[in-house]
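Here's the structure, in structure tokens; my notes come after.
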DNA sequence: AGCTAACAATTAGCATACTTATTACTGGTT
DNA sequence: AACCAGTAATAAGTATGCTAATTGTTAGCT
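Chains as they are written, first to last, in this note's numbering: chain A, 107 to 278; chain B, 107 to 278.
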């Protein structure tokens, strides 16, 4: 019954303690070695932290990244946005549908190339900047609460290099 | 047009280079400071790497974690599994539905407490261990390709501490 | 001009995550 | 025994991600 309080992370810790040596790869796959698993776990934990903060102002997680890039440069095409945010075009379409529904952005067909659609922030979309940014800062602060400034920087650097390694993959 | 090749990660790099100083928090929220954004990005990049590897053997990402914990201890209840994997009960239900559909696990109502359901691996579920584990190892190797062994260990450690910080949150 | 290849957005279908509400069951209290 | 609070699983609805296929548009070639 006390077992129900256990999380994967604690399991990781337990295994690390009770590890009874052996071949590095040949035996049981060690979950504490799984970078992918931990990254996914950390990302979800962070999402659980930030999500309600954004929701309090009527924004969702998936909209946050799009907003950041639009604040930096308004009027980008969907394709440009999906490349920047690094999600598929099809995913961007649905995210923008919801943002349009929520009155955060406006779609405008490009008259010079009618295949393209430029996305413009509405007043409401611009206004969210002042309320959302502090929430994100607070969320990040909470996540790095146990890290020194050096460690935080190093984590960002290491994550960046992991992303770089994964993105340059041949994909053959 | 060359712009369409840009990804968020490259944008991060560009901003880092051309950063024109200022207040640490008051001005434009700097995306390169966003730990949460980078963790989410890294997790998705990893998923794009591992997902097809697992799919080649008929398994999905969400099933991978469940399988790992079942291989370590077969016959756990759904509640125990969702605590370990650190996803909600409701999410576990659907993941197990798909795993049952795919013939990887079997549900068995606990006769001593009919509220509980114990999950048992099928032969097919057990067999996947030998094929899936090498794929996961290869995926992890690919993700940490550009890191030294020390750096890899440190990344795991830092992620663990971020998770710890986020999970002990008051949640009031 | 007409054909074709590439491109931008979309649709459709699936997987995985969340929250909230419901159902079935258990165990303890009266 | 009857009741009630808590527990385990599920259902319902939404968000976000993916792939594959489709639609409309553009631009380049013949």
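Ideal Cβ positions, reconstructed from N, Cα and C, are used throughout, including at glycine.
Look at the beta carbons and you see the segment 135–147 of chain A not touching the segment 211–225 of chain A: under three pairs across the two are nearer than 8 Å. Note on residue 182/B: 16 or more other CB atoms within 10 angstroms of its CB, so buried under the neighbour-count rule. Against chain B, a Cβ distance below 8 Å from residue 268/A picks out 148, 151, 152, 249, 250, 252, 253 and 261. Residue 183/A has 224/A as its beta-bridge partners, per DSSP. Distance from residue 252/B to residue 267/A at the Cβ level is roughly 5 Å; contact confirmed, criterion being Cβ atoms closer than 8 Å. Residue 194/B sits in coil when the DSSP states are folded into three classes, being neither helix nor strand. At a cut-off of 9 Å, the C-beta of residue 233/A has no neighbouring C-beta in chain B. The residue among 170/A, 200/A, 140/A and 184/A with its C-alpha nearest the C-alpha of residue 221/A is 184/A.
If you check the CB distance, residue 227/B and residue 195/B do not come in under 9 Å. Residue 167/B and residue 153/B have their C-alpha atoms roughly 7 Å apart. Put simply, the CB of residue 176/A is far from chain B, with every gap to its CB atoms at 9 Å or more. Chain order gives the chain A residues near residue 140/B as 242 and 246, where near means a beta carbon separation below 7 Å.
Comparing alpha-carbon positions, the option among 169/A, 190/A, 230/A and 218/A lying closest to residue 200/A turns out to be 169/A. Residue 257/B sits in a helix when the DSSP states are folded into three classes. Looking at 192/A, 274/A, 229/A and 223/A, the one whose alpha-carbon comes closest to that of residue 203/A is 223/A. In this structure residue 139/A is buried. Its beta-carbon is surrounded by 16 or more other beta-carbon atoms within 10 angstroms.
Against residue 165/A, chain B offers no close residue; the least beta-carbon distance is about 13 Å (beta-carbon pairs closer than 9 Å).
DSSP places residue 215/B in the strand class (E or B) of the three-state scheme.
Shortest Cα-Cα distance from residue 174/A to any of 155/A, 232/A and 150/A involves 232/A.
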